[in-house]
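This report refers to the structure that appears directly beneath it.
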Amino acid sequence: MESPADILKITNLSKSYPIHKELALPVLQGIDLTIKAGELTAVMGPSGCGKTTLMNLISGVDSADSGSIMIRDTEITTMNKSQMAVFRRSHIGLIFQDFNLMESLNVKDNILLPLFLDNHSQYGEEMFQKICKILSICDITDKNITDISGGEKQRTAIARALINHPQIILADEPTGNLDAKSTKDVMEYLTDINREFQATLFMVTHDSYAASYCDKVILLKDGKVLSVLEKAQNSRKIFLEHIYEFLKQIGGE
Ligand SMILES: Nc1ncnc2c1ncn2[C@@H]1O[C@H](COP(=O)(O)OP(=O)(O)OP(=O)(O)O)[C@@H](O)[C@H]1O
Ligand SMILES: [Mg+2]
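Counting from 1150, one number per residue, gives the positions in the sequence shown under the working numbering.
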C-alpha cells in the first residue's frame, strides 16, 4: 500500500527568545520531524523544553528564527501575519489548553465562530450536527459557556477546531485540565474524529495515558527531538507501557 502523504514537514527549525540585550535563550535547536496525513501524534517532554513554542510556530502565532515548516505544499515560515491568519483559519484547527471560548456566545455560536469570520456560516450546519453527535454535545448547544462543565468546554473547543475541516488539528495539552474519566472520553472522541474525518492530530501532552491513544510519541528534550516512539501494531496498553518505560529510562518527564 502506498504510504499516505506527509501533511507536516519540519526541517531544522530553530527558535530562541531574547532574555537580555545580547543574550538569547535557545529553545528549539534544529527540530526535524515529519507527520503523515491522518496520524495521531503526541509531543511530550519536560516543562520548558519548547512544546508550546513548537505549537506556536506551526500555527504561525510566533515566528521561527530559521528552518522550514511545510503544511502540505505550503511553506508557512515566510508568510506575513495576515496571510498566516487566513491560512490558519482555513487549514489549521487549534485547541487551546484554556479552551479560549467566548463567554458572551453560546456553545453553538462558539463552534460556528470560525465560519462567521470567513463569511462561510451557510456551509456549517451539516458538519455542525455531525460533530456535535460524535462529541455528544447535541443537548448543550444552546447553553451559555459559563453554564457547562470543563469536559463540555473541552469538547466545544474541539468542535470549534473541526468546523472548518482543517487539514491538521493542533492541540496544546487538550486534556490538561481534565480528570481521568474526561481525559479518556476526550481521547476517545479525538480518536473517533480521526477515524471519521481522517483528521491529523498533533498534540502536546504531559499525560502518558493520553499519549497512548496516538500512533506515535515525539519526545523533546533540550530543544531537540530526543526520540520518536511508534505504536506500530501494539495495543494501546502495550504502547502505554513503552511510553512509561522510556520516560523512566530518561529520568521521567
Ligand atoms: N514569549 C517568550 N519570551 C521569552 N521566553 C519564552 C517565551 N515563551 C516561552 N519562553 C521560554 O521558552 C522556554 C520554552 O517554553 P514553552 O512554553 O515552549 O515550554 P513547554 O515545553 O510548553 O513547557 P510546559 O510543559 O511547562 O508548558 C521556557 O524556558 C520559557 O520560559
Ligand atoms: Mg506548554
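The beta-carbon is built from N, C-alpha and C at its ideal position, and this holds for glycine as well.
Next item on the list: Could I get the ranges of all uninterrupted beta strand (DSSP E) runs contained in the stretch 1264-1342, with 3 residues as the minimum, in chain order?
Entry: 1317-1321
Notebook entry, point to check: In chain order, what residues of the same chain have a beta carbon less than 6 Å from the beta carbon of S1331, not counting five sequence neighbours either side?
Noted result: G1300
Margin query: Rounding to the nearest angstrom, what Cα-Cα distance links D1222 and I1159 in this structure?
Written below: 12 Å
Item checked: Environment of R1344 [buried if 16+ CB atoms lie within 10 Å] -> exposed
Next item on the list: Using only alpha-carbon positions, find the residue among I1399, Q1347, T1354 and I1280 that is nearest to A1154.
Entry: Q1347
Checklist line | Endpoints, the alpha helix (DSSP H) within which Y1423 is located | finding: Coverage of the chain is limited to positions 1150 through 1402, which leaves residue 1423 absent and any answer about it impossible.
Next item on the list: Confirm the yes/no value for this check: CB of V1353, any heavy atom of ligand 2, distance under 7 Å.
Entry: yes
Item checked: Bridge partners - S1165, DSSP secondary structure assignment -> P1175
Next item on the list: For D1364, name the three-state secondary structure that DSSP assigns.
Entry: coil
Margin query: Going by DSSP, what residue range makes up the alpha helix (DSSP H) through F1351?
Written below: No alpha helix (DSSP H) holds F1351; the beta strand (DSSP E) holding it covers T1349 to V1353.
Item checked: Limits of the beta strand (DSSP E) - the one that L1378 falls within -> K1373 to E1379
Next item on the list: Look at the alpha carbon of E1224 and the alpha carbon of L1177, and state the distance between them as a whole number of angstroms.
Entry: 18 Å
Notebook entry, point to check: Roughly how many angstroms separate the alpha carbons of Q1303 and L1264, rounded to a whole number?
Noted result: 19 Å
Next item on the list: Could you have a look at V1210 and say whether DSSP puts it in helix, strand or coil?
Entry: coil
Check: Near V1377, which residues of its chain fall below 8 Å by C-beta distance, leaving aside the five closest residues on each side in sequence?
Finding: L1182, K1365, V1366, I1367 and L1368
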